[in-house]
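Undergrad: Heads up: the protein sequence lines correspond to chains F and B, in order.
Numbers 1 to 476, taken from my numbering, label the letters of the first sequence in order.
Numbers 1001 to 1476, taken from my numbering, label the letters of the second sequence in order.
Protein chains: 2
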Amino acid sequence: MPMLTYSFVDIGSESLYQHLYKCIKNDVLTGVLSPGTKLPSKRSFAKNLGISTITVEGAYQQLLAEGYIYSLPKKGYYVSDISGLTSVSASAGKPQFHLNRDHWVYPADFMSNQIDPDNFPFSVWTKLMREVMADGKEALMKISPCGGVLQLREAIAGHLRQFRNMNVSADQIIVGAGTEYLYGLIIQLLGFDKVYAVEDPGYQKAAKIYRSNGVACRYVSMDGEGLCIDALEDAGADVAHVSPAHHYPTGIVTPIGRRYALLGWAAEKDSRYIIEDDYDSEFRLAGNPIPTMQSIDVTEKVIYINTFTKSLAPTIRVSYMVLPSHLAQRFYEKLSFYACTVSTFDQYTLARFIQDGHFEKHINRMRNYYRNLRDALLSEIRRSPMAELVTIREEDAGLHFLMEVDTLTSDQELLKLAEEKGVRLSCLSQYEQNREGKTREHVLVLNYSGIKQDHIGKAVKLLSDCVLSCERRARI
Amino acid sequence: MPMLTYSFVDIGSESLYQHLYKCIKNDVLTGVLSPGTKLPSKRSFAKNLGISTITVEGAYQQLLAEGYIYSLPKKGYYVSDISGLTSVSASAGKPQFHLNRDHWVYPADFMSNQIDPDNFPFSVWTKLMREVMADGKEALMKISPCGGVLQLREAIAGHLRQFRNMNVSADQIIVGAGTEYLYGLIIQLLGFDKVYAVEDPGYQKAAKIYRSNGVACRYVSMDGEGLCIDALEDAGADVAHVSPAHHYPTGIVTPIGRRYALLGWAAEKDSRYIIEDDYDSEFRLAGNPIPTMQSIDVTEKVIYINTFTKSLAPTIRVSYMVLPSHLAQRFYEKLSFYACTVSTFDQYTLARFIQDGHFEKHINRMRNYYRNLRDALLSEIRRSPMAELVTIREEDAGLHFLMEVDTLTSDQELLKLAEEKGVRLSCLSQYEQNREGKTREHVLVLNYSGIKQDHIGKAVKLLSDCVLSCERRARI
Chain F
1 MPMLTYSFVD
11 IGSESLYQHL
21 YKCIKNDVLT
31 GVLSPGTKLP
41 SKRSFAKNLG
51 ISTITVEGAY
61 QQLLAEGYIY
71 SLPKKGYYVS
81 DISGLTSVSA
91 SAGKPQFHLN
101 RDHWVYPADF
111 MSNQIDPDNF
121 PFSVWTKLMR
131 EVMADGKEAL
141 MKISPCGGVL
151 QLREAIAGHL
161 RQFRNMNVSA
171 DQIIVGAGTE
181 YLYGLIIQLL
191 GFDKVYAVED
201 PGYQKAAKIY
211 RSNGVACRYV
221 SMDGEGLCID
231 ALEDAGADVA
241 HVSPAHHYPT
251 GIVTPIGRRY
261 ALLGWAAEKD
271 SRYIIEDDYD
281 SEFRLAGNPI
291 PTMQSIDVTE
301 KVIYINTFTK
311 SLAPTIRVSY
321 MVLPSHLAQR
331 FYEKLSFYAC
341 TVSTFDQYTL
351 ARFIQDGHFE
361 KHINRMRNYY
371 RNLRDALLSE
381 IRRSPMAELV
391 TIREEDAGLH
401 FLMEVDTLTS
411 DQELLKLAEE
421 KGVRLSCLSQ
431 YEQNREGKTR
441 EHVLVLNYSG
451 IKQDHIGKAV
461 KLLSDCVLSC
471 ERRARI
Chain B
1001 MPMLTYSFVD
1011 IGSESLYQHL
1021 YKCIKNDVLT
1031 GVLSPGTKLP
1041 SKRSFAKNLG
1051 ISTITVEGAY
1061 QQLLAEGYIY
1071 SLPKKGYYVS
1081 DISGLTSVSA
1091 SAGKPQFHLN
1101 RDHWVYPADF
1111 MSNQIDPDNF
1121 PFSVWTKLMR
1131 EVMADGKEAL
1141 MKISPCGGVL
1151 QLREAIAGHL
1161 RQFRNMNVSA
1171 DQIIVGAGTE
1181 YLYGLIIQLL
1191 GFDKVYAVED
1201 PGYQKAAKIY
1211 RSNGVACRYV
1221 SMDGEGLCID
1231 ALEDAGADVA
1241 HVSPAHHYPT
1251 GIVTPIGRRY
1261 ALLGWAAEKD
1271 SRYIIEDDYD
1281 SEFRLAGNPI
1291 PTMQSIDVTE
1301 KVIYINTFTK
1311 SLAPTIRVSY
1321 MVLPSHLAQR
1331 FYEKLSFYAC
1341 TVSTFDQYTL
1351 ARFIQDGHFE
1361 KHINRMRNYY
1371 RNLRDALLSE
1381 IRRSPMAELV
1391 TIREEDAGLH
1401 FLMEVDTLTS
1411 DQELLKLAEE
1421 KGVRLSCLSQ
1431 YEQNREGKTR
1441 EHVLVLNYSG
1451 IKQDHIGKAV
1461 KLLSDCVLSC
1471 ERRARI
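1. Going along chain B, which residues have a C-beta under 7 Å from Gln355 (chain F)?
2. Under 8 Å Cβ-Cβ, which residues of chain F neighbour Ile1186 (chain B)?
3. List the residues of chain F whose Cβ lies closer than 9 Å to the Cβ of Lys1137 (chain B), in chain order.
4. Between Glu1441 (chain B) and the rest of its own chain, which residues show a CB-CB distance below 6 Å, the 5 nearest in sequence each way excluded?
5. Is there contact here, the segment 1357-1377 of chain B with the segment 1216-1232 of chain B, by at least three beta-carbon pairs under 8 Å?
6. So, are the CB atoms of Ile1305 (chain B) and Val1318 (chain B) less than 9 Å apart?
7. For Ile1451 (chain B), which option in B:Glu1233, B:Met1111 and B:Val1253 has the closest C-alpha, if you only look at C-alpha atoms?
8. Pairing CB atoms from the segment 350-364 of chain F with CB atoms from the segment 1114-1129 of chain B, are three or more of them under 8 Å?
9. How about Asp1280 (chain B) and Ala1206 (chain B): are their beta carbons less than 9 Å apart?
10. Between F:Thr391, F:Asn434, F:Ile392 and F:Leu446, which lies nearest to His400 (chain F) when the distance is taken from Cα to Cα?
11. State the DSSP-derived secondary structure class of Arg1211 (chain B), mapped to helix, strand or coil.
12. Just tell me which of B:Leu1462, B:Gly1067, B:Tyr1070 and B:Leu1020 has its CA closest to the CA of Ser1052 (chain B).
13. Could you give the uninterrupted runs of the alpha helix (DSSP H) lying entirely in the segment 1180-1238 of chain B, keeping only those of 4 residues or more?
14. Where does Glu1276 (chain B) fall in DSSP's three states?
15. Hey, would you say Leu1462 (chain B) sits closer than 9 Å to Leu1402 (chain B), going by beta carbons?
16. Specify the secondary structure class of Leu1016 (chain B) as computed by DSSP and reduced to three states.
17. Enumerated in chain order, which unbroken segments of the alpha helix (DSSP H) with a length of 4 residues or greater are wholly contained in the segment 17-49 of chain F?
18. Just how far apart, CA to CA, sit Ala46 (chain F) and Met1222 (chain B)?
19. Please report the distance separating the alpha-carbon of Met335 (chain F) from that of Leu189 (chain F).
20. Please identify the residue among F:Asp116, F:Gln172 and F:Tyr181 whose C-alpha is closest to the C-alpha of Val149 (chain F).
21. Starting from Ala1240 (chain B), follow its DSSP beta bridges and name the residues at the other end.
22. Which of the residues in the segment 1337-1352 of chain B, read from start to end, lie with their CB under 8 Å from any CB of chain F?
23. Looking at C-alpha atoms only, which residue of F:Ala177, F:Glu233, F:His241 and F:Val56 is the closest neighbour of Lys208 (chain F)?
24. Taking the alpha carbon of Glu1333 (chain B) as the reference point, which residue from B:Ile1290, B:Glu1404 and B:Gly1147 has its own alpha carbon closest?
25. Counting only the same chain and skipping the five closest in sequence on each side, list residues whose C-beta sits under 7 Å from that of Asp477 (chain F).
26. Give me the Cα-Cα distance between Ile256 (chain F) and Leu1029 (chain B), rounded to the nearest whole angstrom.
27. Below 9 Å between beta carbons: does that hold for Ile290 (chain F) and Ala245 (chain F)?
28. Can you tell me whether DSSP reads Glu1154 (chain B) as helix, strand or coil?
29. Taking only beta-carbon positions, decide if Lys219 (chain F) is within less than 9 Å of chain B.
30. Residues of chain F with CB under 7 Å from Val1253 (chain B), in chain order?
31. Confirm the yes/no value for this check: CB of Ala235 (chain F), any heavy atom of the ligand ATP, distance under 8 Å.
32. Kindly list, in the order they appear in chain B, the residues whose Cβ is closer than 8 Å to that of Leu335 (chain F).
33. Could you give the residue range of the alpha helix (DSSP H) that holds Val322 (chain F)?
34. Determine, using beta carbons only, whether Glu1225 (chain B) comes closer than 9 Å to chain F.
35. Per DSSP, what kind of secondary structure is Tyr448 (chain F) in: helix, strand or coil?
36. Can you find a C-beta in chain B that's less than 9 Å from the C-beta of Asp10 (chain F)?
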């Protein structure tokens, strides 16, 4: 048995126990204490070092727990065999990953979905959250069903009944932290063996999510009314992901006939479903909101999905889906081991926000705000030097519109020019997968929800400069 | 052209425009207006009905948007052909799914991870959230990187440096709404073609999540030190999901030798990784926390994952993982289209909570609370009639311990008895997949974090009744 002696001078803020633990561990790691070596008994070691038995006991227990030593009943403590393992030892020089922090802020950003802090109802939200935290301590700590807290699901069901004419039970509603997360749940619910169809052109993220989840995803072409039924058949699709209320980016509103045709397609096979993405229906600026496919579906084929990203804020991560009854049943049978991904604090606050009528008021306020924003933007465009070179389309349905530019410049060049001038935008052609026709060149997609009122002049000036320099380039 | 006449008497709260829209829509749906029928011009229709042209215009636009009518340039409006589609018409009698709301509350619940509302730092949390909402409006509305807001990631990195001796960059940290969600991201990052290994016995949810995500998941047997390397090899596993700090439910702490052996296993092939689930390491009740595998890994093979579920509250959905640098890089290349699933409100509040030292204080307070709770529970057990029939094990590592019962009664019967007496608990054998040995019968897994101090007496009484009636039954 070696005579172990360690110094307890200058150990700084370390406890005696920590210091002793580190000394022995170091000796084990460096081989000073070889495997099988018996350590001194706690009492004699403590006496030798002039410390208490409890301190030695503490160090031994920690070394034992971590496996540096082992104990034999009624015999004592021995050094473990960790030979050959120390070569893979910790190093301070471990590589570290660092994100690039240089975020270029575009003077004119027609792609952002960030909202102006002035447009978030901070005072009401703060008040409701305080109320929730004062009144609802028990409820806040209670684990909610995987679909979300009942109060929020009931508030959403009420909202859907009143504003979307949808008659659904609160228990068919599944709340989740963003539609992206909900897509993942849908895949787990419907199956990894299904073929998912997305619109071409379309919202690119949907396809990315399906592919990232390892399921077959096919682009299906659209005509002027929405997804083509023939193309859907040809693609061998099981699940069609559509946005009939307002297609992104074309702005197409799927008419009732095509809606029924899609429902008819789904009704033909058990495996078929429709995911109805109703992402910005609250902001239809002309006429009433279009009735949802969910509300005219009696065949239990439509999964309705919506989010508070556009209607409240993208940084509060709350979305929801409405499952047909048999899928809601299956969800609770198969997937109820998942915890709901939204904090109860946010769920109860949002529930009150909806139930007390604040949500309706907020949407009405924001619809007016966006209408004024759009009108100001359009009139600025009409007054700008580019006016006679551009045509505005699909300006009524939601938070973006299309601007067709009369130019020969390719979209690629146009985007490069825009980038140079500090204009962030996208072209319709970028959302197309099947580019054979190339019928959609020279059409800009302008999301205006992120443009501030007092930046409109500057944003349109930059956009106009860009369009004019395009045109000139083409004519040289 | 038919002479359309609608009554505008008794239309209640409907607007004239809505009423006209509904009347025409109804006539289209019921076939009163047949496909191809030309509708009256706006002006003559308005004059006929005694309403304004703008009202008719509104109704026509809505019907047009929804596809019930179509327009021909310079000719007018015509009824669409929706024949054969109306058979699939909306019905009020749509089936609705309803969850069973009868939740039986167990007088003694040894499986809950709910926390007592008294243990959540409501006053500090409310204060911080108010500060965040008052000071940080711009920041709260700004969309965070997919890994989470920098301030929270830096706070977590600081915490890991100080308390887990882990030296990681904030950019290697990915924040998400629960570990379950993060597992899904890991699968997308490492690949659906990989074989995932989970511990047998083990935390059942991990296997459920892998299977639900459609990836191969194999149970790998454990010995007294953790996952067996040979079994891991035999399983053909690529990714090993382990909880070396405190295995659930056995309580095993993986010693340093096995940790290095696991790292050695992972280092052998490029495709191999280790997911280190450190879920309740903050609550080790004796000695220091065990060093993480992440901190001794120089081969970039360990994905460290932890949660605020145990350390703060399960209803605030915040978890995080630390990716090795090359995986962090890959994450931002492949998966940065995902939005972070945690609300910025919660992220900034938690960041302040950690940075201002509240988290450390809270953990220390809770560790004492749980130590006292455990001690009270153990002493109650020792005083109870069942004392001589039971042996307590693994009571130091986290928020549960094992209680071996000296009985011949099968676990199945034991669980039935417990259910009858209102005791919710699980047996070690329930966590085993490979039941050949059946070496783990008669061992109860007692999670005590959900037991209230003043319910201990009652809970132990019920548990003791259960154990005693077990024994008697076996001897009859």
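Beta carbons: idealized from backbone N, C-alpha and C, even for Gly.
TA: Taking the definition as stated:
1. Taking the first sequence and counting its residues from 1, one reaches residue 355 (chain F) at position 355. Correct list: empty, because the minimum Cβ distance to chain B is about 19 Å.
2. For the purposes of this step, residue 1186 (chain B) is taken as residue 186 along the second sequence, with counting starting at 1. Here the premise fails: no neighbours, minimum Cβ distance about 12 Å.
3. Counted from its first residue, the second sequence places residue 1137 (chain B) at position 137. Near Lys1137 (chain B) (Cβ distances below 9 Å), the residues of chain F are Pro117, Asp118, Phe120 and Phe122.
4. Numbered from 1 along the second sequence, position 441 holds the residue referred to as residue 1441 (chain B). The residues are Asp1411 and Ser1429.
5. no
6. Walking along the second sequence from the start, residue 1305 (chain B) turns up at place 305. Walking along the second sequence from the start, residue 1318 (chain B) turns up at place 318. For Ile1305 (chain B) and Val1318 (chain B), no; Cβs fall outside 9 Å.
7. Within the second sequence, numbered from 1, the residue matching residue 1451 (chain B) stands at position 451. Checking every option, the nearest Cα to that of Ile1451 (chain B) belongs to B:Met1111.
8. no
9. Looking up residue 1280 (chain B) in the second sequence gives position 280. Looking up residue 1206 (chain B) in the second sequence gives position 206. In this structure, Ala1206 (chain B) does not lie closer than 9 Å to Asp1280 (chain B) by Cβ.
10. Locating residue 400 (chain F) in the first sequence gives position 400, where the first residue counts as 1. Cα-wise, what sits closest to His400 (chain F) is F:Leu446.
11. If you number the second sequence from 1, residue 1211 (chain B) lands on position 211. Residue state, collapsed to three classes: helix.
12. For this step, residue 1052 (chain B) is matched to residue 52 along the second sequence. Answer by Cα proximity: B:Leu1020.
13. 1204-1212 and 1229-1234
14. Counting from one through the second sequence, the residue named residue 1276 (chain B) turns up at place 276. In the structure shown, Glu1276 (chain B) sits in a strand (DSSP, three-state: E or B).
15. Within the second sequence, numbered from 1, the residue matching residue 1462 (chain B) stands at position 462. Within the second sequence, numbered from 1, the residue matching residue 1402 (chain B) stands at position 402. Not in contact: Leu1462 (chain B) and Leu1402 (chain B) (Cβ atoms no closer than 9 Å).
16. Looking up residue 1016 (chain B) in the second sequence gives position 16. DSSP places Leu1016 (chain B) in helix when its eight states are reduced to three.
17. 42-49
18. If you number the first sequence from 1, residue 46 (chain F) lands on position 46. If you number the second sequence from 1, residue 1222 (chain B) lands on position 222. Roughly 36 Å separates the two Cα atoms.
19. For this step, residue 335 (chain F) is matched to residue 335 along the first sequence. For this step, residue 189 (chain F) is matched to residue 189 along the first sequence. Reading the sequence as shown, one finds Leu at residue 335 (chain F) and not Met. Using only the alpha carbons, I get a separation of about 8 Å.
20. Along the first sequence, read from residue 1 onward, the residue named residue 149 (chain F) stands at position 149. Selected option, being the one with the closest Cα: F:Gln172.
21. Taking the first residue of the second sequence as 1, we reach residue 1240 (chain B) at position 240. According to DSSP, which records beta bridges pairwise, Ala1240 (chain B) is partnered with B:Ala1197 and B:Ile1274.
22. Phe1337, Tyr1338, Ala1339, Cys1340, Thr1341, Val1342, Ser1343, Thr1344, Phe1345 and Asp1346
23. For the purposes of this step, residue 208 (chain F) is identified with residue 208 of the first sequence, where counting begins at 1. Measuring from the Cα of Lys208 (chain F), the nearest candidate turns out to be F:His241.
24. Taking the first residue of the second sequence as position 1, residue 1333 (chain B) is located at position 333. The residue with the shortest Cα to Cα distance from Glu1333 (chain B) is B:Gly1147.
25. One cannot answer for residue 477 (chain F) here, as it falls past the ends of chain F, which runs 1 to 476.
26. On the first sequence, position 256 is the one that residue 256 (chain F) refers to. On the second sequence, position 29 is the one that residue 1029 (chain B) refers to. Their backbone Cα atoms lie some 11 Å apart in a straight line.
27. Sequence index remark: in the first sequence, residue 290 (chain F) carries index 290 (1-based). Sequence index remark: in the first sequence, residue 245 (chain F) carries index 245 (1-based). Yes, Cβ-Cβ distance for Ile290 (chain F) and Ala245 (chain F) is below 9 Å.
28. Within the second sequence, residue 1154 (chain B) is the residue found at index 154, counting from 1. Helix at Glu1154 (chain B).
29. To locate residue 219 (chain F), count along the first sequence from 1; it is residue 219. For the record, residue 219 (chain F) in the displayed sequence is Tyr; it is not Lys. Answer no: the Cβ-Cβ gap between Tyr219 (chain F) and chain B never drops below 9 Å.
30. To locate residue 1253 (chain B), count along the second sequence from 1; it is residue 253. By Cβ distance, chain F contributes Ala65.
31. Ligands are entirely absent from the displayed structure, and the ligand ATP is therefore not among its contents.
32. Working through the first sequence from its first residue, we reach residue 335 (chain F) at position 335. Result: Ser1212.
33. The residue given as residue 322 (chain F) occupies position 322 in the first sequence. Segment Ser319 to Val322 is the beta strand (DSSP E) holding Val322 (chain F); no alpha helix (DSSP H) there.
34. Locating residue 1225 (chain B) in the second sequence gives position 225, counting from the first residue. So yes, Glu1225 (chain B) belongs to the interface.
35. Here residue 448 (chain F) refers to the residue found at position 448 when the first sequence is read from its first residue. Residue state, collapsed to three classes: coil.
36. As a working mapping, residue 10 (chain F) is identified with position 10 in the first sequence. Not an interface residue.
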